[in-house]
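So the sequences go chain by chain: A and B.
Sequential numbering of the first sequence, starting at 0, is according to the working numbering.
Sequential numbering of the second sequence, starting at 0, is according to the working numbering.
The beta carbon of each residue, even a glycine, is placed where N, CA and C say it ideally should be.
Just so we're clear, the structure is a prediction, and the values are computed from it rather than from any experiment.
Number of protein chains: 2
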Amino acid sequence: MRKVYLSNIPRQDALKKFSAAVEMPRRTEFGIVGNSTGRVTARPVFARLSMPGYHAAAMDGIAVQADKTFSASDQNPLILKPESDFRNINTGGAMPAGFDAVIKVEDIHLLEGGRVEILAPATPWQHVRAVGEDVVAGELVVPAGHRLRPPDLGVLLAAGITEIELLEKPRVTIIPSGSEVIDPGLDREKGTVPDFNSTVIASYLLEWGAEPVVHPIVPDDVRMIRGALTAALKNSDLVIINAGSSAGEKDFTYRVIEELGEVFLHGIATRPGKPTILGQVHGKPVIGLPGYPVSAYMSLEWFARPLICRYLGLPVPQREKLEATLGRRVVSEVGVEEFVRMTVGHVGGRYIANPLNRGAGVTMSLVRADGLLVIPANTLGFEQDEIVDIELYRPQSELRHNLLAAGSHDLIIDLLGTAIKERDPRISLSSAHLGSMGGISAVGRGQAHLAGVHLFDPETKDYNRPYINKLLPGQEVHLVNLAYRMQGWIVPKGNPDRVSAIKQLADLKLSFINRQRGAGTRILFDHLLREADLSPANIYGYEREEHTHLNIAAAVAAGTARVGLGILPAARAFDLDFVPLVEERYDLLLSNSFFNSPEAETLLEIIRDRNFKQQVEAMGGYSMRDAGKEQ
Amino acid sequence: MRKVYLSNIPRQDALKKFSAAVEMPRRTEFGIVGNSTGRVTARPVFARLSMPGYHAAAMDGIAVQADKTFSASDQNPLILKPESDFRNINTGGAMPAGFDAVIKVEDIHLLEGGRVEILAPATPWQHVRAVGEDVVAGELVVPAGHRLRPPDLGVLLAAGITEIELLEKPRVTIIPSGSEVIDPGLDREKGTVPDFNSTVIASYLLEWGAEPVVHPIVPDDVRMIRGALTAALKNSDLVIINAGSSAGEKDFTYRVIEELGEVFLHGIATRPGKPTILGQVHGKPVIGLPGYPVSAYMSLEWFARPLICRYLGLPVPQREKLEATLGRRVVSEVGVEEFVRMTVGHVGGRYIANPLNRGAGVTMSLVRADGLLVIPANTLGFEQDEIVDIELYRPQSELRHNLLAAGSHDLIIDLLGTAIKERDPRISLSSAHLGSMGGISAVGRGQAHLAGVHLFDPETKDYNRPYINKLLPGQEVHLVNLAYRMQGWIVPKGNPDRVSAIKQLADLKLSFINRQRGAGTRILFDHLLREADLSPANIYGYEREEHTHLNIAAAVAAGTARVGLGILPAARAFDLDFVPLVEERYDLLLSNSFFNSPEAETLLEIIRDRNFKQQVEAMGGYSMRDAGKEQ
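Set out below in C-alpha cells:
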C-alpha cells in the first residue's frame, strides 16, 4: 500500500534534469526608475539625453575666452572687464556662448568697477564639464539582465529615462498542506503543527527576487490538493507544495503531480532534503518540498532558486567560503550528501567550526549557524582537527569577531552574547553545547574562547579547578566565576510525588530524565547516587538524555518524565515546581590568549556590571555575589 | 566675500568627531513577524511555546511501548495487536499516552486482522521528536540587535511569537537644493540640472535600513533652506542637504546649519567628497553633501551609513577585498585620500584592475565599477603592475568570469556584453576605453582578454596586423574581425559648412574636436592630414580631446565644435549629419590563452550568429560581412 522512495538521485543531477524539462517564460513590465532598485532590466538601455546636457562650469569662478588670456602671467597680470571679457559663473552653470574656459574663484583678484585680475592664462575648456561628460546620449547605460543598484537609477534619470522595461518578478505560489497544519497564530492543540514554513519560504523567495503568494492551508485530501494546484498553476510560474512529499499514507503530493502532469523524481540523495519531489504540470515547474523545516529550506534553495535566477538572467549567488578547523569529528553515511550547520569563530589565529544539531526538524540550527559544512556523498565525514571548507551564512569579516563559547550552557551566556553585541556590534557569540567536560577540552585544544563549567569534585569539595588540572595539566587558563545557581528537582506543579531526596526516585520508580554524559548536572546526579548508595540501574529512565535544562523541564511538563535535575529558571519557564537541592558554582573558563584580548575585557566588564548582575538575579535561582572574580 | 574651505580633515577623524557629537535616540515599534525580514530586534526574544509542543512521531509507522518489544528478533518475531500493542502514526502525529517509541513503516510486516510483526525491538524514545526538540519554551530565540533572516521568522512563529518589538527605522530627510535643480522627469532647458541624487541617496538609505523621505526641491534661498531644514528636523533622526555644501556664493548650507545649530567641520581630505559639511541642530545630525554625484554617494556612505548602523546596532558592513594587479599607473596627490573606481577581471590567472574616469561628476564610473581602489593620503599613487587591494562592489565569484575588454570602444562591444550574459549569466564584460594602441599593449601584457582595434597602416594599406607585429613581436595572439564600419565627418544637421575634404577644416578654420592619443580614429585623422600635406597646427581645436565617438558628436551637437571624425551611429544619436569618408576594419584582438577558453568560444559564436549580425547592421554604418573571421 505505502510507497517507498522512488529515487536517490544526486542533487546536481536532479537539478540538471529538472531545469532542462521545465520552463518559466519571461514577462516584462514597465516600472518607475525611482522604485526599481533590486529589479532586473529586460533589455539594454541607451541614454536618451546627455548629462550634462550643456557645457557647464565645473568650478565656481569666471567664464572666459581662453585665447584672450594667453598673455597673463605673474609679471604681466591681465585685467578683464565684466560682460565682454568674463562672466561670473557657479559650478553647474551653463557656459555663455563664446566662452570656453573657467578660471577658479581662488585664482582671481577682484578689482574696482567689477573688473578682475588674473596672473595665469586659461587653457581652452579648462574647468568645463563637456556635454555628455557623465552620460552621453546613445550610449549603453545599463545592459539587459542587470540587477539595478542605487547609482544605476541615478544614471538612468540623468540619461532622461524615468520609466524602464523590467522583468516581471516570477510568481511563485506556496501551497501549505496537511490536516494537522494550522495558522501559526492559532492556539495549539495537541497534534497540530503551526505553518511557519510558508512564511520562511515566502521570505526567501522575496529575497531572491520572486513574488510569492501563500495559498490557504489545504488538508490531506487528494481532491483539495488537486484543486489548489490547478488553481495555483493558472497564475504562477512555479508552484511549491509543502509538504506531503514523503511516502506516507497521507502524502498525496506525488500522486497529484503525476495525475496532472509528470514527476521527474522523488527523492534526492541528500540529508536533510531527501523527500523532495520535482515535477511539471503544463510545462510549469512544481516542487514538492519536505515538511521538516531545514529540509524544506535547503531543498528550496537547491531547486527553486536556480529557476528564479535563470528567469532573471542572474548567476546563482555563491556563498563565501572559508577554510576552518573542525572542532569535533563529523561522521556521515556514504551515498548521501550531507549538509551540517556549523558555528564558526576565530580562535587563536584559526577559524574553528563546530557542528550544530543535525536534525532536519531543528530550525534553530539554521538560526544559530554561521555556515554550512557539505559532506560529499563519497566520504564518511571528517575528523576532528581536519581542515574543511565552510560555506558562510555570515561574512567572514563578522566571524573574525565571533566568540565561541563551548561547555555547559546557561541562559546567562545568551544574555552575555546580547550584552556584548550591544557594547560593540562587531562582536557576536556562538554557543556549542558540549557540557562542562567537553568545554574544558575545547578550550584546552584552542577550539573555543571560553566555556561554561560547573563540575563538583567530591574529593576536594571544590568546583572546576580539580577537573581543569586533570584535563589540562600545566596549561595556563583562567577561571572566572559567572554565578552561583541552585540545582534541584524539576517536578510537576504541586510536586505530586513529594520528591525531596534521591532515594525516592528509586523507591517510587519515578520516570526520570537525565542529562547527557559530560554534563555537570549529570556528574552531580551521579554524585548524589553514590552518596545514597544507589546505582544507575535503580533509576528508571537513567539512559534517557536531554542536552539542556529547558529540555528536561519540557519532558516533565509533557508528562513523559516525573522528575529531572536542573535549574530554577527552566522549571519556571514551564510553570513547574522546583525542589532546591544544592547551590553550585558556575564558572567561565577562558583560554589565556582570549583572557588577554580586548573582547574578554569587555566580557568581564559586563559580568561585573551592576545592572547585568541585577538582570540575572531577577530571573531567580542565581547569585551573582562573586561574578567576575577569578577563581 | 566668498568663503574657502574651513578644513581638510581626514575622513576617519571627521567620522569620529561627528559620531561622538550627535545622537539618534532609538525608537521601537511592534511588527508582524511575517513581514519582518531585514528588520532589527529591539530586545532579546525568548520562546513562549515549545516546538514541537508534544512528543511527536518522527517517522511514519507505528507507536509502541518499547519495553513490550524487547523480545523481538529475527529468530523470534513478535506479533503486535492493534490498539493495545501499537497504534498507526504518521510523521508529526502526537504520541498516544503510554507509548514511547516509533517503529518505521519499512520495518513492520502487516499480518491479517490488522496485526503486525516486528523482527527487532524498539529502544525507548526511538523515532520520537521530544517536546522542544526544535525550540524549547524559555530559551533565547533571537538576541537583541539581530537583523532578521527568513529562518529567524520560522523559529519565532514556531515559538508562538507572531508580533515582535523591532527598532523603528531611522527617519532620514533628504533636502535637494539649488535654483538650477529640477525634477528629473521635466524637460531640460539649458542651465537646469535634473535631481537624480535624491533618488540614489534614498535608495541607498533604504538598502541600509533607514526610512528616507525626499523633501521638495528648495531653491538657493537662505530663508527657504532654513525653513526646509527646520521642518525636516521635527520628524527626522538625520537630515541630509544636497548640495550647497561647497563655498560658492550660493552655497548656503553651511550658513543655515551654523545659524540653527553647529558646524563641526566643512571639508574633508578626500577626493571625491571634499566639500562635505558635518553638523548638528538640536543634537540631531545634519549632513551637507556635495553636489557632484560620486562625491555625494561616497560621503553618504562614509557619514550617514555608520550613524544608521549604530542606531540599528549593526556592524558597518565591510566590502570584500581582493588583491589585483594594476593595469595602469594611478597617480594621486599627497595629503588627499583618493577613491578610484576600477574595473576588475581575471586574466591569465591574475586579477587585473584598471581605473575608470575619476571625475566626481561621472556617475557612470560607479555603474561600470567592479570595485574601488583607495589611495591613502600619504602616497603618490601606485605604479602599473603593482599589487593593490580592491574593495569589491561585486562578489569575487562573479569577477572570476568578468571579461576585460580594452582598446578602442564601439557600441558592438556593449552589445556583445549583453549577449554573452544572456547566454551565460555568470559571464560579464567590463570595458576600459584605452584606444586601439592601449588595447594592443594591454592584451600583450596579459592585462585584458580582448581589445577592439582599428589601426590603418598607410605603408601596407593593411589594418591592425602591422601594429600588432610591431608592438607584440613574436607573441601569439589572435585577430578576429568584428565589423567594417564607416568613419566620416560628424557635422551639424544640414552640413552648413559643406564639409567633405579635410582641407576645408583648415581653410575655413572650422572648430574641430579630436580623439585622444592612441585612438584609431585619431591615427586616421593624422593620416588624412599627412595625405593632404597639412599639420596639426592648421587645425583649430586639434588639442581638444574626447574619448568616445558619442562625446565627439555631443560636442558638435552642443555647438562648441563644428566638426569631428567619428562613426555613423554617433551622429545619429544626436540627429547630426554624417559625411562618409572611409570604411575601416574593426577587429578584436584576443590573447592566445583567452582565445582557447570556453568564454571566447561563446563570444565568437555570438559574433557569427546571424541574429546578432542583423542587429548590428540595423544600427547603420556597419558591415558584418567578415564578422568572426580570423584576420
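Task: Where A/Gln-317 meets chain B, residues with beta-carbon distance less than 8 Å - done: As a position in the first sequence, residue 317 of chain A is number 318, starting the count at 1. The answer, in chain order, is Pro-394, Ser-396.
Task: Secondary structure of B/Glu-138, DSSP reduced to three states - done: Numbered from its first residue, the second sequence carries residue 138 of chain B at position 139. Coil, per DSSP.
Open item on the list: With a threshold of 6 Å on Cβ separation, who are the neighbours of A/Thr-249 within its own chain once the five nearest residues in sequence on each side are excluded?
Closed with: In the first sequence, the residue the question calls residue 249 of chain A occupies position 250. Checking the displayed sequence, the identity of residue 249 of chain A turns out to be Lys instead of Thr. For A/Lys-249, where only same-chain residues beyond five positions count, the Cβ hits under 6 Å are Asp-219.
Open item on the list: Distance cutoff 8 Å, beta carbons only. Does B/Met-363 sit that close to anything in chain A?
Closed with: On the second sequence, position 364 is the one that residue 363 of chain B refers to. For B/Met-363, the answer is yes, since a Cβ of chain A falls inside 8 Å of its Cβ.
Task: chain B contacts made by the region 117 to 136 of chain A, where a contact means CB separation under 8 Å - done: Pro-123, Trp-124, Arg-128, Ala-129, Val-130, Gly-131, Glu-132, Asp-133, Val-134, Val-135, Ala-136
Task: Proximity to A/Glu-629 [Cα-Cα], best of A/Tyr-462, A/Pro-43, A/Gly-558 - done: As a working mapping, residue 629 of chain A is identified with position 630 in the first sequence. Comparing Cα-Cα distances from A/Glu-629 to each of A/Tyr-462, A/Pro-43, A/Gly-558, the minimum goes to A/Tyr-462.
- [ ] Report, in whole angstroms, the separation of the C-beta atoms of B/Val-315 and B/His-145, which I expect to be a contact under 8 Å.
- [x] Counting from one through the second sequence, the residue named residue 315 of chain B turns up at place 316. Counting from one through the second sequence, the residue named residue 145 of chain B turns up at place 146. With a Cβ gap of about 16 Å, B/Val-315 and B/His-145 do not count as contacting.
Open item on the list: For A/Thr-172, tell me which candidate among A/Arg-187, A/Pro-215, A/Asp-369 has the shortest Cα-Cα distance.
Closed with: Taking the first residue of the first sequence as position 1, residue 172 of chain A is located at position 173. It is A/Pro-215.
TODO: Would you identify the three-state DSSP class for A/Ser-176, choosing helix, strand or coil?
DONE: Within the first sequence, residue 176 of chain A is the residue found at index 177, counting from 1. If DSSP states are grouped into helix, strand and coil, A/Ser-176 belongs with the strands.
Open item on the list: Beta-carbon within less than 7 Å of A/Asn-591's beta-carbon, same chain only, minus the 5 sequence neighbours each way: which residues are those?
Closed with: Start at 1 with the first residue of the first sequence, and residue 591 of chain A comes out as number 592. Hits under 7 Å: Glu-475, Val-476, His-477.
Open item on the list: I want to verify the contact list: residues of chain B whose CB lies under 7 Å from the CB of A/Leu-156, in sequence order.
Closed with: The count along the first sequence starts at 1 and reaches residue 156 of chain A at position 157. Pro-183, Pro-193, Phe-195, Thr-198, listed in chain order.
Open item on the list: So, under 8 Å CB-CB, A/Ser-633 and A/Arg-561 are touching, yes? Tell me the CB distance rounded to an integer number of Å.
Closed with: Summary: the structure shown does not reach residue 633 of chain A, with chain A confined to residues 0 through 630, and so no result is reported for it.
Open item on the list: Using 8 Å for Cβ pairs, my map puts A/Leu-306 next to A/Phe-338. What's the rounded Cβ distance?
Closed with: Translated into the one-based positions of the first sequence, residue 306 of chain A becomes position 307. Translated into the one-based positions of the first sequence, residue 338 of chain A becomes position 339. Between A/Phe-338 and A/Leu-306 the Cβ distance is about 20 Å, and since that is not below 8 Å, they are no contact.
- [ ] Find out if the Cβ-Cβ distance for the pair A/Ser-427, A/His-453 is shorter than 8 Å.
- [x] Mapped onto the first sequence, residue 427 of chain A falls at position 428. Mapped onto the first sequence, residue 453 of chain A falls at position 454. It is not a contact, given that the beta carbons lie outside the stated cut-off.
Task: Three-state secondary structure (DSSP) of B/Met-223 - done: For this step, residue 223 of chain B is matched to residue 224 along the second sequence. Here B/Met-223 sits in helix by DSSP.
Task: Range covered by the alpha helix (DSSP H) that runs through B/Pro-211 - done: Along the second sequence, one-based indexing puts residue 211 of chain B at 212. Careful: B/Pro-211 lies outside any alpha helix (DSSP H), inside the beta strand (DSSP E) at 210 to 213.
Open item on the list: Please tell me whether B/Ser-6 has its Cβ less than 8 Å away from any Cβ of chain A.
Closed with: Position 7 of the second sequence, counted from the first residue, corresponds to residue 6 of chain B. No - not a single Cβ of chain A is within 8 Å of the one on B/Ser-6.
Open item on the list: Give me the DSSP bridge partner(s) of A/Met-341.
Closed with: The count along the first sequence starts at 1 and reaches residue 341 of chain A at position 342. A/Met-341 is bridged to A/Pro-354, A/Gly-370.
- [ ] Check whether the Cβ of A/Leu-507 lies closer than 8 Å to any Cβ atom in chain B.
- [x] For the purposes of this step, residue 507 of chain A is taken as the residue at position 508 of the first sequence. It does not: the Cβ of A/Leu-507 has no partner Cβ on chain B nearer than 8 Å.
Open item on the list: Would B/Phe-611 and B/Ala-418 be called neighbours here (beta carbons separated by less than 8 Å)?
Closed with: Here residue 611 of chain B corresponds to residue number 612 of the second sequence, with the count starting at 1. Here residue 418 of chain B corresponds to residue number 419 of the second sequence, with the count starting at 1. A contact, by the Cβ cut-off of 8 Å.
Task: A/Trp-124 in three-state terms, based on DSSP - done: One-based indexing of the first sequence puts residue 124 of chain A at position 125. In the structure shown, A/Trp-124 sits in coil (DSSP, three-state: anything other than H, G, I, E or B).
Open item on the list: Between A/Val-346 and A/Ala-447, how many whole angstroms is the CB-CB distance? I'm expecting something under 8 Å.
Closed with: For the purposes of this step, residue 346 of chain A is taken as residue 347 along the first sequence, with counting starting at 1. For the purposes of this step, residue 447 of chain A is taken as residue 448 along the first sequence, with counting starting at 1. Contact flag correct, Cβ pair sits at about 6 Å.
- [ ] For chain B, find out if any of its Cβ atoms is closer than 8 Å to the Cβ of A/Phe-17; answer yes or no.
- [x] Your numbering for residue 17 of chain A matches position 18 in the first sequence. For A/Phe-17, the answer is no, since every Cβ of chain B falls outside 8 Å of its Cβ.
Task: Interface partners of B/Leu-166 on chain A, CB under 9 Å - done: Here residue 166 of chain B refers to the residue found at position 167 of the second sequence. Within 9 Å Cβ-Cβ: nothing; B/Leu-166 doesn't reach chain A, min ~12 Å.
Open item on the list: For a cutoff of 8 Å on Cβ pairs, would you count A/Leu-139 as touching chain B?
Closed with: Sequence index remark: in the first sequence, residue 139 of chain A carries index 140 (1-based). A/Leu-139 counts as touching chain B.
TODO: Answer yes or no: does any C-beta atom of chain A fall closer than 8 Å to that of B/Leu-313?
DONE: Walking along the second sequence from the start, residue 313 of chain B turns up at place 314. Yes, B/Leu-313 counts as interfacial toward chain A.
TODO: Quick one: which residues of the region 597 to 622 of chain B get their C-beta closer than 9 Å to a C-beta of chain A? List them in chain order.
DONE: none
Open item on the list: Could you compute how far the alpha carbon of B/Gly-438 sits from the alpha carbon of A/Ala-71?
Closed with: On the second sequence, residue 438 of chain B is found 439 positions in, with the first residue counted as 1. On the first sequence, residue 71 of chain A is found 72 positions in, with the first residue counted as 1. Straight-line Cα distance between these residues: approximately 40 Å.
Open item on the list: So A/His-108 and A/Glu-116 are supposed to be a Cβ contact under 8 Å. How far apart are they, rounded?
Closed with: By one-based count along the first sequence, residue 108 of chain A stands at place 109. By one-based count along the first sequence, residue 116 of chain A stands at place 117. The Cβ separation is near 4 Å, so the contact holds.
Open item on the list: If you reduce the DSSP assignment to three classes, tell me which class B/Val-3 lands in.
Closed with: Locating residue 3 of chain B in the second sequence gives position 4, counting from the first residue. Low per-residue confidence applies at B/Val-3: pLDDT is 49, beneath 50, and the placement is therefore not dependable, though the value from the model is reported in the following sentence. In the structure shown, B/Val-3 sits in coil (DSSP, three-state: anything other than H, G, I, E or B).
TODO: Please report the residue range of the alpha helix (DSSP H) in which B/Asn-550 lies.
DONE: Working through the second sequence from its first residue, we reach residue 550 of chain B at position 551. Element bounds for B/Asn-550: 548 to 557.
Task: Contact set for B/His-546: own chain, Cβ-Cβ below 7 Å, skip 5 residues either direction - done: Translated into the one-based positions of the second sequence, residue 546 of chain B becomes position 547. Cβ neighbours of B/His-546 beyond the five flanking positions: His-432, Gln-515.
TODO: Measure the Cβ-Cβ separation of A/Glu-210 and A/Val-32 and say whether it is below 8 Å.
DONE: The sequence position of residue 210 of chain A within the first sequence is 211, counting from 1. The sequence position of residue 32 of chain A within the first sequence is 33, counting from 1. For A/Glu-210 and A/Val-32, no; Cβs fall outside 8 Å.
Open item on the list: Here's a check: name, in chain order, each residue in its chain whose Cβ is nearer than 7 Å to the Cβ of B/Ser-6, leaving out the five neighbours to either side.
Closed with: Counted from its first residue, the second sequence places residue 6 of chain B at position 7. Cβ neighbours of B/Ser-6 beyond the five flanking positions: Leu-264, His-265, Gly-266.
- [ ] Count the other CB atoms, across all protein chains shown, that sit within 10 Å of the CB of A/Gly-636; report buried if there are 16 or more and exposed otherwise.
- [x] Here chain A comprises residues numbered 0 to 630, so residue 636 of chain A is not present and cannot be evaluated.
Open item on the list: Please tell me whether A/Ala-158 and A/Val-130 are closer than 8 Å, where the distance is taken between their beta carbons.
Closed with: Within the first sequence, the letter at position 159 stands for residue 158 of chain A. Within the first sequence, the letter at position 131 stands for residue 130 of chain A. No; because the gap between Cβ atoms is not below 8 Å, this pair is not in contact.
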